[in-house]
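Novice: Just so we're aligned, residue 15 is where the sequence shown starts under the numbering used here, counting upward by one.
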Amino acid sequence: MFLSLKSAPGWLDILICHQCKAKLLSPSEYELLCSKCGLTFPLRNNIPVMIPVPKDSPQRQLFGKETSELAPWFERRDEIDTYHRGKRDAAWCARLFIRDDEFLSASSHPQGEKTFFVEIGPGPIPRLTWFEATIRVGIDALAEHYDSAFGDPPCPINFLSAHTEAIPLANESVDALLCVNALDHVGNMSLTLSELWRILKPNGLFFLGVLYDSSPLSCEEPHVVDREFLEKELYPNFIVEREALDSISKEEPPLGWYRVRLRKGTAPAYIHRFTPTQHARIDEFFHHFTEGMFLDTQGRSPEARESFQKALRYPGYYASDRYRLAYCAWRVAETAPALAQAVERTRERHLKHVLLEAAYKIGSSHKRQGACDKSLALFSNLLELAKPLGFKQLCGGAHFHMGEMYLRKGEKEKANNHFRKTLASIPDHQKAKLYLKN
Ligand SMILES: [Zn+2]
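1. Tell me which residues pass a beta-carbon proximity test against ligand 1: closer than 6 Å to any heavy atom, given in chain order.
2. Taking the alpha-carbon positions, what's the His367 to Ala438 distance?
3. Is it true that the CB of Asn395 sits closer than 8 Å to the CB of Leu353?
4. Going by Cα to Cα distance, which pick from Pro250, Leu326, Gly384 and Leu392 is closest to Lys423?
5. Using beta carbons (cut-off 8 Å, strictly below), is Val200 in contact with chain D?
6. Taking the Cβ atom as the reference point for each residue, do Leu156 and Glu83 lie within a distance shorter than 8 Å?
7. If you follow the beta strand (DSSP E) that Val194 is in, where does it begin and where does it stop?
8. Which of the three DSSP states, helix, strand or coil, is assigned to Asn430?
9. Suppose the cutoff is 6 Å on Cβ atoms and the five residues either side in sequence are ignored; what does the same chain contact list for Lys50 look like?
10. Per DSSP, Ser394 forms a beta bridge with which residues?
11. Alpha carbons only, please: which of Asn195, Pro62, Ser204 and Leu210 is nearest the one belonging to Val132?
12. Closest to Tyr97 by CA distance: which of Leu421, Thr143 and Ala372 is it?
13. When burial is assigned at 16 or more other CB atoms within 10 Å of the CB, is Glu158 buried or exposed?
14. When DSSP builds the beta bridges, which residues end up paired with Leu225?
15. According to DSSP, is Pro138 part of a helix, a strand, or is it coil?
16. Determine the direct distance from the alpha carbon of Phe308 to that of Leu454, and round the result to whole angstroms.
17. Using CA coordinates, which residue listed in Leu207, Gly201 and Leu244 is at the minimum distance from Glu235?
18. Here's the rule: buried if 16 or more other CB atoms are within 10 angstroms of the residue's CB, otherwise exposed. What is Asp27?
19. So, Gln312 versus Val346, is the Cβ gap smaller than 8 Å?
20. Starting from Glu454, follow the alpha helix (DSSP H) in both directions and report where the run begins and ends.
21. Do Phe405 and Leu370 have their C-beta atoms within less than 8 Å of each other?
22. The beta strand (DSSP E) that contains Leu174, what's its start and end?
Written out as C-alpha cells, the structure reads:
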C-alpha cells in the first residue's frame, strides 16, 4: 500500500498544475482540482496521476514505452517483495547502487524543520526509503501501476505519477533529488534537466547514479548517461561535491556505476546546452518522436507534426518502433511530399510497408466518414509509392476503395477501371468481380 496524501501534511502545498502552474485543491479523496484552470487530476491508490495524456488515449497506447518499461518489473515481483520486507542483503544493495556510505550518510543531507526529498523514476523499489526527510515523494510515470507489483508490504513514501518533462512541483521546492539509473530513460532530456533544476532549492542536492554498461540504445533507454554526459550537461550547472566510479570493466570509456553528488549553487540559472545530435549517441528517431508526443500534449499540433516529420528522417531500429513509425506516418500522411520522403528514407522494406499501411488506414477512415475527395487524393498518392515497391495487397485495396468512391460519385467508367486494377493485384477479389459483372 502507498501512503496517502494526508499522511504527509504539506505535500499538497508543493504540488502545482502542470498546465497553468497554479496551486491545487483537494475537494475529495478521489481527485485534485486546479485552483485556476479547473483541471482535475485523479487519485489512484493514493497517487495523484498528473500525466498530461489520458491513459486510454491512442497516443499513450501507441507510445508503447510504458508497456515495455513495466513488463520487467512484473517479472521481478518476488524480488520487489523481498526488498519491501527489508530482507536486502549486500549483493542487493550493491546492485542497487548503495555501496557508498557517504552517499547515504545523513550528515550530507539537507537539514531543516521540514525537508522535501524527491526520487526521480524510482520504479517499485525507491531508494528514497533509506533517506530521512519530512516528505518523501517518488515521481514515476508508471507509479499508478506499481501497487499490483508490490504485493502487501507497505511502502513508506508517497508517489506521484508524472512525466519528468513537466513536473507538477513548485519552483525551488525540493531539498534533495535522488535519481538512480533513471535519467537515461527519460524522453526529452533538455526538458527534464531544466525541470530538475527548476524544482531544486538553491543549495539543494542532486544525488545521481547511473549504470553505464554500453548496452545499445532502446526506446526504454534512449540516452547515454556517461562521464562525457555528466561533464557536458550537469557539471557546468552544479557544484560537484563527490564523484565516484565503480568500474566493472577496464574498457575505455570505463563501464560501471557512476555516482555523483551535485549541489545547486545560488547562481547562475540552468545553462540549457543539451544538443543531442552532437553529443549523446541518442536515437534521433526516438528523440523527435517523443518531442512530437510532448508538443501534442500541449496542444501545439503544427509543431508536433514537424517533429514527427523530422523523426521520419531517422526510421527506428527496434521492433517496437513499428508502432511509433506508424504513428508518425499517420500524422504526416496527408502531406504527400512528407510521406514520399519518409518512404524514400526508410531503408527496410517492411518498414516502408508500415508507413504506407498507416496512410491506407487514414484513406479508409476518410472514406468511411464520406470525405471522398480527401480519401481519393490520399489513395492515389499511396498508389504512386506502393506500386514500384510491389505491395500488391495495398495497391489492390486502394484501387478497390477508389472504385467504390467513384461509384458513389456516379462515375461508373472510372470505377470499373479501378475494379479491373484491383483484380490485377488481387485476382480473387470477389467484391470487385461482382461490381464489374453488374
Ligand atoms: Zn491549472
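Ideal Cβ placement from N, Cα and C applies to all residues, glycine included.
All values derive from a computational prediction rather than experimental measurement.
Specialist: Reading from the atomic positions:
1. Taking a cut-off of 6 Å from the heavy atoms of ligand 1, the residues with a C-beta inside it are Cys31, Gln33, Cys34, Ala36, Cys48, Lys50, Cys51 and Leu53.
2. 20 Å
3. yes
4. Gly384
5. You won't find chain D in this structure, because it holds only one protein chain.
6. yes
7. Val188 to Val194
8. Asn430: helix per DSSP, three-state reduction.
9. Cys34 and Ala36
10. Bridge partners of Ser394: none, in fact.
11. Leu210
12. Thr143
13. buried
14. Trp271, per the DSSP bridge assignment.
15. coil
16. Here the chain covers residues 15 to 452 and nothing more, so residue 454 does not appear.
17. Gly201
18. exposed
19. no
20. Residue 454 lies beyond the stretch modelled for the chain, which goes from 15 to 452, so this question has no answer here.
21. yes
22. Note, Leu174: beta strand (DSSP E), Asn172 to Leu174.
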